[in-house]
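Q:
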Amino acid sequence: MSNGGSVQSIANLAKGQDRGNAVTIQTMKSKEDSKWVLQDSCTNAYESTVVYAPVDITGMQSVITGCDSSNMAILPSGFSILPDGLESRPLVITSRQEEKGTEGGSLLTIAFQILTNTSPAAKLTVESVDSVNTLISCTLQNIKTSLQCEDS
Numbered sequence: 760m761s762n763g764g765s766v767q768s769i770a771n772l773a774k775g776q777d778r779g780n781a782v783t784i785q786t787m788k789s790k791e792d793s794k795w796v797l798q799d800s801c802t803n804a805y806e807s808t809v810v811y812a813p814v815d816i817t818g819m820q821s822v823i824t825g826c827d828s829s830n831m832a833i834l835p836s837g838f839s840i841l842p843d844g845l846e847s848r849p850l851v852i853t854s855r856q857e858e859k860g861t862e863g864g865s866l867l868t869i870a871f872q873i874l875t876n877t878s879p880a881a882k883l884t885v886e887s888v889d890s891v892n893t894l895i896s897c898t899l900q901n902i903k904t905s906l907q908c909e910d911s
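Here it is as structure tokens:
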């Protein structure tokens, strides 16, 4: 979301008792940009979800003051992490002595909505496909890093 830059939280609205469940408005510290990021985070025993969307600052400020939000363009993106449904279980066949069992894993779903061209007849370019591939790879790596997951 921030491409490695530092972000500053402008507003944080809690959703219940858990600190991880909140709606936040964030901005880039180092950039002069006309966009904020609206983020909704939710976690419980069964899943964790983060949904975010860049929003126009002036449009968001007018919504905060009570104006109609129906004209705001929002393209949300995000990810969800769920257990894979497999509990820890002993391995039947193993080549290593130390591999007595394995832990259950997680299922990660990532979704992006990106406006690449305003014309519906426009064709995808190699550069836009490369850009999306880089975005997905970087996002996956950032999620793995933040959760302290190692490649196996």
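In my numbering, the protein residues as written are 760 to 911. Quick reminder that beta carbons are idealized off the backbone N, C-alpha and C, glycines included.
Looking at the structure shown, is residue 818 part of a helix, part of a strand, or coil, going by DSSP?
A: The residue you call residue 818 lines up with position 59 of the sequence shown. In this structure, residue 818 counts as helix in the three-state DSSP scheme.
Q: Can you tell me where the alpha helix (DSSP H) with residue 893 in it begins and where it stops?
A: Along the sequence shown, one-based indexing puts residue 893 at 134. Its alpha helix (DSSP H) spans residues 885–905.
Q: Using the three-state DSSP reduction, which class does residue 823 fall into: helix, strand or coil?
A: What you label residue 823 is simply residue 64 of the sequence shown in a count that begins at 1. Helix.
Q: Comparing C-alpha positions only, which one of 786, 771, 825, 895 sits nearest to residue 867?
A: Position 108 of the sequence shown, counted from the first residue, corresponds to residue 867. For residue 867, the nearest C-alpha among the options comes from 895.
Q: Are the CB atoms of residue 834 and residue 776 within a distance shorter than 7 Å?
A: Here residue 776 corresponds to residue number 17 of the sequence shown, with the count starting at 1. Here residue 834 corresponds to residue number 75 of the sequence shown, with the count starting at 1. No, these two residues do not count as a Cβ contact at 7 Å.
Q: Leaving out five residues on either side along the sequence, give the residues of the same chain with a beta carbon under 6 Å from the beta carbon of residue 899.
A: By one-based count along the sequence shown, residue 899 stands at place 140. There are no such residues.
Q: Kindly indicate which three-state DSSP category residue 837 falls into: helix, strand or coil?
A: Looking up residue 837 in the sequence shown gives position 78. Here residue 837 sits in strand by DSSP.
Q: Would you please state the rounded distance, in angstroms, between the beta carbons of residue 788 and residue 766? I believe it to be under 8 Å.
A: Working through the sequence shown from its first residue, we reach residue 788 at position 29. Working through the sequence shown from its first residue, we reach residue 766 at position 7. Correct: roughly 7 Å between the Cβ atoms.
Q: Identify whether residue 873 lies in helix, strand or coil by the three-state DSSP scheme.
A: The sequence position of residue 873 within the sequence shown is 114, counting from 1. Note: residue 873 maps to coil in three-state DSSP.
Q: Which residues in the same chain as residue 887 place their Cβ atom closer than 7 Å to its Cβ, once the five residues preceding and following it in sequence are excluded?
A: Reading the sequence shown from its first residue, position 128 is the one you call residue 887. Excluding sequence neighbours, residue 887 sits near 875.
Q: In this structure, how does DSSP classify residue 803 when only helix, strand and coil are distinguished?
A: Your numbering for residue 803 matches position 44 in the sequence shown. Note: residue 803 maps to coil in three-state DSSP.
Q: In three-state DSSP terms, what is residue 867?
A: Here residue 867 refers to the residue found at position 108 when the sequence shown is read from its first residue. It is a strand residue.
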